[in-house]
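Reading through the structure tokens given below for one structure.
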Amino acid sequence: MARKAEHQSPRVLIVRLSAIGDVILTMPVLNALRDQFPQAFLAWAVEDRAAPLLRGHRALDDLIVLPRRFLKSPRMVWELYGRLRTMRFDVAIDAQGLTKSALVARLSGARWRIGFGGRWGREISPWLNSELVHPTRQHVIERTLELLRPLGIQAAAVRFDLPLEEAEMAAAANWVRQSGLESGFAMINPGAAWPSKLWPPERFAAVTRHLDAQWGLPSVVVWAGSAERTAAEQVVAGSNGFARLAPPTTLRELAALARLARLFIGSDTGPLHLAEAGGTPCVGLYGPWPAEETGPYGPQHVAVQRASFAGTTSHERRHAPNSLMEAIDVESVCEACDAVLRRGSSRAA
Numbered sequence: 051m052a053r054k055a056e057h058q059s060p061r062v063l064i065v066r067l068s069a070i071g072d073v074i075l076t077m078p079v080l081n082a083l084r085d086q087f088p089q090a091f092l093a094w095a096v097e098d099r100a101a102p103l104l105r106g107h108r109a110l111d112d113l114i115v116l117p118r119r120f121l122k123s124p125r126m127v128w129e130l131y132g133r134l135r136t137m138r139f140d141v142a143i144d145a146q147g148l149t150k151s152a153l154v155a156r157l158s159g160a161r162w163r164i165g166f167g168g169r170w171g172r173e174i175s176p177w178l179n180s181e182l183v184h185p186t187r188q189h190v191i192e193r194t195l196e197l198l199r200p201l202g203i204q205a206a207a208v209r210f211d212l213p214l215e216e217a218e219m220a221a222a223a224n225w226v227r228q229s230g231l232e233s234g235f236a237m238i239n240p241g242a243a244w245p246s247k248l249w250p251p252e253r254f255a256a257v258t259r260h261l262d263a264q265w266g267l268p269s270v271v272v273w274a275g276s277a278e279r280t281a282a283e284q285v286v287a288g289s290n291g292f293a294r295l296a297p298p299t300t301l302r303e304l305a306a307l308a309r310l311a312r313l314f315i316g317s318d319t320g321p322l323h324l325a326e327a328g329g330t331p332c333v334g335l336y337g338p339w340p341a342e343e344t345g346p347y348g349p350q351h352v353a354v355q356r357a358s359f360a361g362t363t364s365h366e367r368r369h370a371p372n373s374l375m376e377a378i379d380v381e382s383v384c385e386a387c388d389a390v391l392r393r394g395s396s397r398a399a
């Protein structure tokens, strides 16, 4: 049975350490807490790579940034313990369901530590948390929001409120203007952290040609790191001049540029969810992970998936065969792009 917080200004710690896309998909939890408890003190423990996405979030009072392998350093763990205890948390929400996230919640000293039960409470996290929620919803956003049931929050609007500064938006708009893309462009991200999530660059190139032929819409191909740049250059080379390479970007610069795009196309990665959080209609390409769970959230988006995967753990999905992505044909992605752009044209009209 749900029980409400003891007072209307609780001190709450959200623990969602990684990855970039998962941190973005947890932002609705932060907003729901702020809506329910306007006077609350809300903090978030996150690993350093995803931290820039949370800095300046209007619903957040404090950000606790941790290096990726902080648990391997007793000194870092001791320093974290000391810092968390001075913050006197009433509630800790383990939104990740792993040993490391549940341990951070435990170190906080919060007597009320809410985490996942069942298959989503992984490793020893159920033994470290004091109240377990057995989610009933399929999509990760809705499933994570269910962690707020013990706090009396039964239904919450899904909002991200991704923080971006005016200077970041102005710089993105300036690049778009200098590139002659003011009339609109599609953003394409051919990269992915997992090889099992990669779609062939030549197929992305075919999509850019379709977007120009059908919609007169040029494409911008984004990348991060040398391997992704190589794939991005292959897309540009096969586009018949209808795509151009994006400049190097930080996460926040990428978010600003994505917010100006008419359409985003990419696999289940951080940049896809970054575009989703910024309000850009997305076409997501899904292989090893079910689109019903992590697909872009909302009717303005389309997820394309042609093959299912029997594995259940992240390790199994990471090492799944790339044939799951190769099963996605160019025609299906082009049709999804057409559907998204038609909706956008109808709304504009």
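One gets my numbering by counting positions in the sequence shown from 1 and adding 50 to each. Beta carbons are placed, not taken as given, at the ideal position from N, Cα and C, and that holds for glycine.
Secondary structure, beta strand (DSSP E): runs of 3+ residues fully inside the stretch 219-252: Runs found: 236-239.
Any non-hydrogen atom of the ligand MN closer than 7 Å to Ala-282 Cβ: As for the ligand MN, it is missing from this structure, which has no ligand bound.
Given Gly-241 as reference, the closest of Pro-250, Phe-235, Ser-233 once Cα atoms are compared: Closest option to Gly-241, Cα to Cα, is Pro-250.
Counterpart residues of Cys-332 in DSSP-defined beta bridges: Looking at the DSSP assignment, Cys-332 forms a beta bridge with Phe-314.
Minimum length 3: unbroken beta strand (DSSP E) runs contained in the stretch 109-155: Counting only runs of at least 3 residues, the stretch 109-155 fully encloses the following beta strand (DSSP E) elements, listed from N- to C-terminal order: 112-116, 141-144.
Minimum C-alpha distance to Pro-298 - residue among Gln-355, Ala-341, Val-62, Leu-307: The shortest Cα separation from Pro-298 among Gln-355, Ala-341, Val-62, Leu-307 belongs to Leu-307.
Sequence-distant residues of its chain with Cβ nearer than 7 Å to Phe-254 (five each side left out): Closer than 7 Å at Cβ, skipping near neighbours: Ile-238, Pro-240, Val-285.
Coil, strand or helix - Phe-164 by DSSP: Note that residue 164 is Ile in the sequence shown, not Phe. Annotated three-state conformation of Ile-164 is strand, per DSSP.
Local Cβ density within 10 Å of Ile-427, reported as buried at 16 or more and exposed below that: The structure shown has nothing for residue 427, since the chain only spans 51 to 399.
Buried versus exposed call for Ala-399 [16 or more other C-beta atoms within 10 Å across all chains shown]: Note that Ala-399 has pLDDT 47, beneath the 50 cutoff, so the model's placement of it is unreliable and the number below is only indicative. Its Cβ having fewer than 16 others within 10 Å, Ala-399 is exposed.
C-alpha gap between Ala-353 and Glu-192, whole angstroms: Near 17 Å, if we compare the C-alpha coordinates of Glu-192 and Ala-353.
Cβ contact check for the stretch 190-208 and the stretch 272-281: 3 or more pairs under 8 Å: No, because fewer than three Cβ pairs between the stretch 190-208 and the stretch 272-281 fall closer than 8 Å, the two stretches do not touch.
Classification of Glu-196 by the beta-carbon crowding that lies within 10 angstroms, buried from 16 upward: By the neighbour-count criterion, in which a residue is buried when 16 or more other Cβ atoms sit within 10 angstroms of its Cβ, Glu-196 is buried.
Integer-rounded CB distance, given that Leu-178 should sit under 8 Å from Gly-153: Correcting the residue identity first, residue 153 is Leu in this sequence and not Gly. The C-beta separation of Leu-153 from Leu-178 comes to about 6 Å, placing the pair in contact by the 8 Å criterion.
Those residues which DSSP pairs with Trp-94 across a bridge: Paired residue(s): Ile-64, Leu-113.
Outcome for Ile-74 when other beta-carbon atoms lying within 10 angstroms are tallied against a minimum of 16: Buried, because 16 or more other Cβ atoms sit within 10 Å of the Cβ of Ile-74.
Secondary structure, beta strand (DSSP E): runs of 3+ residues fully inside the stretch 165-215: Runs found: 181-183.
Candidates Gly-71, Ser-358, Gly-266, Thr-76: closest to Asp-388 by CA position: With distances taken between Cα atoms, Asp-388 lies closest to Gly-266.
Straight-line Cα distance separating Asp-262 from Glu-278: Take the alpha-carbon of Glu-278 and the one of Asp-262: they are about 23 Å apart.
Option nearest Phe-314 by Cα separation, candidates Ala-293, Phe-235, Ser-158: Of the candidates Ala-293, Phe-235, Ser-158, the one whose C-alpha sits nearest the C-alpha of Phe-314 is Phe-235.
Beta-carbon contacts of Ala-287 that lie in its chain and below 8 Å, excluding the five residues immediately before and after: Result list for Ala-287: Ala-255, in chain order.
Whether Leu-104 touches Leu-116 by CB criterion (8 Å): Going by C-beta atoms, Leu-104 is not nearer than 8 Å to Leu-116.
Selected residue, minimal CA-CA separation from Ala-325, among Leu-310, Ala-281, Leu-92: Checking every option, the nearest Cα to that of Ala-325 belongs to Leu-310.
Exposed unless 16 or more other CB atoms sit within 10 angstroms - verdict on Gly-337: By the neighbour-count rule (16 or more Cβ atoms within 10 Å), Gly-337 is buried.
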